[in-house]
Amino acid sequence: FLALKIANINWQTKLNKAAHHTSDYSSTEVILRRGQPFNITLNLQTPEQSGGNFIFIASTGPSPAELQQTKAVFNLFEEDASGWSATQEPSEPGCMSFTIFSPANAVIGRYKLKLQTVSGNKVSSTLLGQFVLLFNPWCPNDDVYMPNEKERWEYVLNDSGIIFQGLEKHIQQEAWNYGQFEEDILDISLAILDRSLNHRQDPAADVSKRNNPVYVSRVISATVNSNDEKGVVEGKWNGKYRSGTNPLRWSGSVTILRKWYRKRYKPVRYGQCWVFAGVMCTVLRSLGIPTRVITNFNSAHDRNINLSIDKYIDISGKTLHLTEDSVWNFHVWNESWFIRRDLGSFYDGWQVLDATPQERSKGIYQCGPASTRAIKEGDVNLDYDSSFVFAAVNADYVTWIHYSKKRKERIYSDTRKIGKFISTKAVGTNSRVDVTASYKYPEGSTKERQVYKKALKLLGVRRDGKRTKITRPRRRASVARRQNMAQPVQKPSIAGKIILDAPPVIGQDIPLTFSLRNLVSDFKTIKVKLRASAILYTRRPKAEILQLSRSIKLGSKEVKAISFEISYSQYKNSLMDDRKILVTAVCETKQGASLLVEKDIVLQDPFLTIKNVFCLYVLGPTVVHKAVNVQVTFTNPLSEVVTDCVLRAEGSGLLKEELRINVLRMAPMESSMVEFEIIPYKSGTRQLQVDLVCTHFSDIKGYVMLDVAPA
């Protein structure tokens, strides 16, 4: 018996990566997907020796063990109990070629592959190398299998996207660079798993569970935020951001993930919901789990999960902080696609995950995966956190005027404003797709009522809106009907509407009209109290801007209007980075009937254009490894000089690191132009993002899609 003398090992990297849809990863490592064969060739120094047995050993994690499926020992032509196997293929003289098969439920992560030759009592062992094994949406037996090729391209392979923000009536697109294939990102994603509390407590057990997308995605939802361990992003919703980066200034995940990794796992400051969702989308796509970003407009944060959001105002319309419940203008989370062996096949498909640290789940700031089917059907007793997500899209919005500790009055307002225009990016385009119907039945329908009552019953909500003491989330409790939680108030005999008379633009006055209609034939005198406040996107008021009081007399069915204005001088020092203003009108009649009308305003960016300008030596479209100039024009929207602005640009496949260009001075309303060069290094459709950062006004962002041809 002679040990195999191997001259070199050919991992057939290019062929294997193409077959496994991993060619986009900017890495020299062998990156493979489970449930799919791969090939390896050994070039020998001596002719192949016969008479010996070939045994392969694939292992992962700090303490590989067959019982934990982190180690597989398998012979040629014999499938191991774990599902690993190998066959020898015909090859040239002096070579040995093997095909290795991994099971569709293999643990994902970085593996070592060894080859043992055994003859009698003699054993020779050779390390063939390392490879990374990922989830496989192309494999029908994988839990993350996604049958539609266009959806696989969008939710696994697309490295850029759109995150929707703003208001339900003013939905805005924000470009985001996911960059899951950029250099180091896969390594960082695996490092995130290794930094989890589960891994620190029991590394071997943690790694053994990484075959399950339910487990992996839940761990990622906990570790993307920094609340319980040195996770990736530290959240902040109040105050200044001098000790970090304003969340609005991030344009992608790559810079954030690299910063966390290079600073030895120090949480990156700061993030808000879209940042957590963008980073988690990058990590899950890099690991092979189909993932998308979801925006829920008028999203409820129901602290006590009683499906009622109570808002308190004083007689002037000022918001009072008497409850921890809140309604955010929008909230962003993720959906990932996989089956639910723990719940049953009815709950397969899209699963909600949320890395924004809002509430603890089983003692840790994590959320999901919660099946969208469970949420739609009101199955709020199912793992994980389906009750919290159900409330986010279904809770009632109830408004009270608070006169004193002993007296409050329910005021008429829209109770069905929660969970509107639930949105995600379309497959193959940057347009918006509404997915509200996958979360709930039509608002007010018989089926929606039935589902709501079912959820109340499972949650054990009493008539007063409080919850009975039940063991969450399994035990049932008595039925409490929706109308018992918040007795409906009689619809008032007046109706009002706040109207924007012109698009609200930063640096300009905001003209408004409050229109009031008498719905009955009786003569009425109405007291109107108008108020405007600068708010965060969480709808938390931060500064008072305007207060007005008027008295209006309305005849039978008469309509009258109050014109008013919020001047730039009034809001310029109060406006938060969110650029949002809440205008409220509280209307009272002598009969005591009250009405609350609200209008959310988001101030718009001035115009920004980006266009690519080809140099004379570049003909036609953008091409890999060929320089192309990009021209950006932008305008100072203010009637004052601005200084020390910075133009930032990034884009996967276009710029390997974020580009920063100083813009020293711009006169009032002055337009400026900046040119810079990019050298694309990946072909296909690429997203270039540009962001003008200035202390004088909120960031001005834009993006352009480029079709890059191969070299």
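The sequence shown begins at 1 in full-length UniProt numbering and counts up by one.
Yeah, the Cβ is synthetic: ideal placement off N, Cα and C, and Gly gets one too.
- The C-alpha of residue 248 lies about 13 Å from the C-alpha of residue 242.
- Counted as a single uninterrupted DSSP element, the stretch harbouring residue 681 is not any beta strand (DSSP E), since DSSP gives it neither H nor E.
- Per DSSP, residue 155 has no beta bridge partner at all.
- Counting the other Cβ atoms within 10 Å of the Cβ of residue 321 gives fewer than 16, which makes it exposed.
- Between the alpha carbons of residue 583 and residue 648 lies a gap of roughly 34 Å.
- Residue environment analysis places residue 520 among the exposed positions, since fewer than 16 neighbouring C-beta atoms fall within 10 angstroms of its C-beta.
- By a beta-carbon distance limit of 8 Å, residue 37 contacts residue 101. Their separation comes to about 5 Å.
- For residue 235, there is no enclosing alpha helix (DSSP H); the residue is part of the beta strand (DSSP E) that begins and ends at 233-235.
- In the DSSP annotation of this structure, the continuous segment of the beta strand (DSSP E) that includes residue 131 starts and ends at 122-134.
- Annotation for residue 547: 531 place their beta carbon closer than 6 Å to its own, counting only its chain and skipping 5 residues before and after.
- DSSP lists 408 as the beta-bridge partner residues of residue 402.
- Beta-bridge analysis with DSSP links residue 33 to 134.
- DSSP links residue 541 through a beta bridge to 535.
- Residue environment for residue 361: buried (at least 16 other C-beta atoms within 10 angstroms of its C-beta).
- Between the alpha carbons of residue 510 and residue 585 lies a distance of about 16 Å.
- The alpha helix (DSSP H) runs lying completely inside the UniProt domain "Transglutaminase-like" (265-357) and spanning 4 residues or more are 273-286, given in chain order.
- For the set 403, 505, 686 and 316, the Cα lying nearest the Cα of residue 533 is the one of 316.
- The DSSP-derived three-state label of residue 108 is coil.
- In the DSSP annotation of this structure, the continuous segment of the beta strand (DSSP E) that includes residue 600 starts and ends at 594-602.
- Exposed is the label assigned to residue 429, since fewer than 16 other Cβ atoms lie within 10 Å of its Cβ.
- Counting C-beta pairs closer than 8 Å gives three or more between the region 388-397 and the region 411-423, which meets the contact rule.
- Its Cα nearest to that of residue 330, the residue 535 stands out among 535, 56 and 81.
- Taking residue 447 as the centre and dropping the five residues before and after it, the same chain places the C-beta of 441 closer than 6 Å to its C-beta, in chain order.
- Between residue 234 and residue 26 a beta carbon distance of about 27 Å is seen, past the 8 Å cut, so the two are scored as non-contacting.
- Secondary structure note for residue 203: its alpha helix (DSSP H) is the uninterrupted segment 203-208.
- A straight line joining the alpha-carbon of residue 346 with that of residue 562 spans about 54 Å.
- Cβ atoms of residue 578 and residue 537 come within 8 Å of each other, at about 5 Å.
- The continuous stretches of alpha helix (DSSP H) do not include residue 99, which lies in the beta strand (DSSP E) extending over residues 95-101.
- When the Cα atoms are used, residue 365 and residue 377 turn out to be separated by approximately 25 Å.
- Contact between residue 240 and residue 270 fails: their C-beta atoms lie close to 10 Å from each other, not under 8 Å.
- DSSP places residue 227 in the coil class of the three-state scheme, outside both helix and strand.
- 274 is the residue among 274, 213 and 170 whose C-alpha sits nearest the C-alpha of residue 176.
- Between the region 281-296 and the region 259-268 there are fewer than three inter-stretch CB-CB distances shorter than 8 Å, so the stretches are not counted as touching.
- In the structure shown, residue 570 adopts helical secondary structure according to DSSP, grouped into three states.
- Here residue 65 is exposed, its C-beta having fewer than 16 other C-beta atoms within 10 Å.
- Rounded to whole angstroms, the separation of the alpha carbons of residue 370 and residue 328 is 20 Å.
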